[in-house]
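One structure is given here, and the rest of the page talks about it.
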Amino acid sequence: MNLKKFFHLSGFKIALLLTLVVLCIYYLDPKLLALIELKTLDLRFLSRGKVPTSEKVALVTIDEKSLDELGRWPWPRTRMAQLLDALVKEEVGVVGFDIVWAEPDENSELKSLQAVKRKVAELQLMNPELERYLAQALRNADSDRILADSLARSQRAILGYFFHFTPQETSGHKEKGPPEEPPNLTTYNLVKFTSEEAARVSLFEAAYPAANIPVLSQAAEGAGYFNIFPDPDGTVRWAPLVIKYRERFYCALSLAVLQKYLDNSPLGLRIAEFGVDQVRLGNLSIPANEEGRLLINYRGPQKTFPHYSATDVIHGRIPPTALREKIVLVGATAIGIYDIRVTPFEHVYPGLEIHANVIDSILQGHFLYRPNWITLMDLLVVIVLGVMLGAILPHLKAHWGALLAGGLFLSVAVLGKYLFEALGVWMNLTYPSLNLILIYLGVTGYRYMTEEREKKKIRGAFQYYLTPSVVEEMLQNPEKLKLGGEKKDLTVLFSDIRGFTSISEKMTPDGLVKFLNEYLTKMTDVVFKYDGLLDKYMGDAIMAIWGAPLDQPDHVRRACLTALDMVEELHRLQKKWSAEGMPFLNIGIGVNSGLMVVGNMGSDRRFDYTVMGDSVNLGSRLEGLNKLYGTNIIVSEMTFERVRDEFWVRELDLVRVKGKDQPVKIYELLSLVKTASPDQRALAEGFHAALAEYRKREWDKAREAFQNLLARFPHDGPAKLYLERCQTLSQNPPPTDWDGVYTLTTK
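Throughout, this note's numbering is defined as the position within the sequence shown, counted from one, plus 446.
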């Protein structure tokens, strides 16, 4: 393997390298990118919007209206008992309290009666009748007992409580220390497990519970904690279904409420190698992450679930059957006393309604989760995008590349949205997007640097041989340029000053340089006028090509126009030079079209962009034939056939160049058809007629025709040449198989 080639950078290799980097970052999952992914999850909620609920969950809220009518918070336990009794009257299914009563109710009447009872006992005034009276009075004044009785009668109440998770939160227990077994927890809902590994599962582990007072705990049907933990950005997206405390697993308020609603279905954990896999509630399987947390599938913004004011419930002001057989959650929503949370939908959201979202999504089986296979899919999406973008992007311009990257990003976003809304699957969008951004920037940046280097190379190679406009087109469209060797249909032009050697011998060195510079400058300007490539100068000779390095469909026409203009430019120079005492100059131009090999040719240290091949050699021979025929411009039949409708020519001869068997027709290029003068037309037509007699071996007729032509055009070189040939061939006739071809014996 060629190691140099293997380690040579390319856009595709950069894309693969960046893809590998993104995969490594995915494995590390830094906090910043994890937070960004959470934000994309929020956007998916907002994009999806509100979804239908099961209509089995409602909220009874302690709101501003309730506080205005029934007094400030906290309410006496008797008021809460009154509310619960009203809910039972409404035939609700289950009542869950997002409230904890961790201390006995502050009741001055009860304290006074207790003091009276003690005093009567001290004075030994107690009798059975007084004792019964005081007992009944104490019972009627004990609001905790009243609430407990209401809880017991209802047979459908689930209490809330919460856990402390740090020693600082339990500082109130420092003096007496937490009891060996926190009171009442034995009555709280537990989650069972069957696997021995469950005890080692990594869950939220509490430091100490803030439980309800015993009299209430024992009267209720169960209890569940209402702890909710926001993500680092403060948004609540997860609900902990299970919390571990002293080797036991306790369930959330939402699960406890559902357990009662579903006829006390058993609660259990399914443990996998990595941790919690599912929480099971009867026949329901609830997907959870390894820490036992449920990704909350929010049904919509706040008040997606119906809210009923507590005071309206107590006073019977709600619609009949509004709460019948429903799960009712009771909690505070009044400003200043309720649990404010941030959710994907809103920055001010009652914590009470978060529990409603959890319950409703479990009831409907509408879960959001990341199944085991989604990690593999995340990685595959990153890899496929990297390979696809890496394979295509290096061949596109920056703006098309941006559109491609944007299209792929949109496709990934649509896929993520579909999985989220249709299947409840959370696909990672951050890493595919990061990969697209990095690859686009990396490949585009690499291309910019390499293209700038290539542009510098192109500019250095062609700025003196092409017009600035053509060089600029090459720089703007480098994909059109191929500097390596290739076979291409081109047109080549050679020009040379006739008898320049003898003329130059009469000039001083300074004069010669000045003359050549002026001549070559004017001729080069003509080449550039028609976007030709100045191949090289060879003394006074010029070589130019059309059709490379950029394609020119009309390269033949451009070369012919250049030849005509070069002759016209020479005539203008002659006027100036004759005034300066310079001798008369003439040039010969040869033009040929055909397949040529074009590309950078030379050594590793120095090379030129040039052409070579038989078609090039023929063009050079045609330039030299002008001296023989006494013409200015000779083109081959390969050139003429492509522009015959636009240029006025006369056929000169059928020649066989040295080293070739196939003869070639050659023509003198006179002018454009539309600008041909009467003399040019007469010359071409008369010469054509004379040439026809010549080829029929009618030497006398041909000689007469050429003589008549010379009578009108006494300086016509081709007519003079053919007149001499007629004289020679009439005296020494060619063989009977003579084909009219003139064979060149020199190059």
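Cβ coordinates follow ideal geometry from the N, Cα and C atoms, glycine included.
- Excluding its 5 nearest sequence neighbours in each direction, F720 has C-beta neighbours in its own chain below 6 angstroms: E736, listed in chain order.
- Comparing C-alpha distances from V1081 to each of Q1153, I1112, F1093 and R1067 shows the shortest one belongs to I1112.
- Here N1046 is bridged, per DSSP, to Y1055.
- Within a 10 Å sphere around the beta-carbon of N1178 sit fewer than 16 other beta-carbons, which makes this residue exposed.
- In the DSSP assignment, the residues bridged to S1082 are I1112.
- The beta carbons of Y1075 and L1098 sit closer together than 8 angstroms.
- For L605, the enclosing beta strand (DSSP E) stretches over residues A603 to H610.
- Beyond the five residues adjoining it in sequence on each side, P1109 comes within less than 7 angstroms, by CB distance, of L1100, V1101, R1102 and V1187 in the same chain, given in chain order.
- With fewer than 16 other Cβ atoms from the protein chains shown falling within 10 Å of its own Cβ, K1104 counts as exposed.
- One Cα belongs to N1032, the other to L996, and the distance between them is close to 32 angstroms.
- Between the alpha carbons of A987 and A1122 lies a gap of roughly 28 angstroms.
- Per DSSP, reduced to three states, the secondary structure at R716 is strand.
- The secondary-structure analysis by DSSP pairs A504 across a beta bridge with V774.
- Under the DSSP assignment, A702 falls in the alpha helix (DSSP H) whose first and last residues are L699 to Y707.
- Approximately 18 angstroms separates the beta-carbon atoms of A734 and Y691; this is outside 8 angstroms, ruling out the contact.
- By the CB criterion at 8 angstroms, A756 and V503 fall outside the cutoff.
- With a cut-off of 8 angstroms on Cβ pairs, the region 763-772 is not in contact with the region 804-821, counting fewer than three such pairs.
- Pairwise C-beta distances place the region 589-607 in contact with the region 662-673, as three or more of them are shorter than 8 angstroms.
- For E1114, the number of other beta carbons within 10 angstroms of its own is at least 16, and it is reported as buried.
- The secondary-structure analysis by DSSP pairs N658 with nothing; it has no beta-bridge partner.
- Per the DSSP secondary-structure output, F1093 pairs in a beta bridge with L1118.
- In the three-state reduction of the DSSP assignment, E736 falls in the coil class, being assigned neither a helical nor a strand state.
- Under the DSSP assignment, D971 falls in the alpha helix (DSSP H) whose first and last residues are P955 to K975.
- Of the other Cβ atoms in all chains shown, fewer than 16 fall within 10 Å of the Cβ of H1017; this residue is therefore exposed.
- Residue burial annotation: T890 is buried, with at least 16 other C-beta atoms found within 10 angstroms of its C-beta.
- For K843, the secondary structure class from DSSP, reduced to helix, strand or coil, is coil.
- Of the residues K982, T821 and L825, the one whose Cα lies closest to the Cα of S941 is K982.
- K459 and V1062 have their C-alpha atoms spaced approximately 41 angstroms apart.
- DSSP places H812 outside both helix and strand once states are collapsed to three, so it counts as coil.
- Of all C-beta pairs linking the region 507-523 to the region 824-837, fewer than three are shorter than 8 angstroms, placing the two stretches out of contact.
- CA-CA distance, Q1020 to I943, rounds to 13 angstroms.
- Contact check for L875 and V860: beta-carbon distance about 11 angstroms, past the 8 angstroms limit, so the pair fails to qualify.
- Within the same chain, Cβ atoms closer than 8 angstroms to the Cβ of Q724 are found at L715, R716, S731, I732, P733 and A734, the five residues on either side in sequence being excluded.
- Counting every other CB atom within 10 Å of its CB across the protein chains shown gives E951 a total below 16, marking it as exposed.
- Beta bridge pairing from DSSP links A685 with L740.
- For K459, the uninterrupted alpha helix (DSSP H) run begins and ends at G457 to L474, by DSSP.
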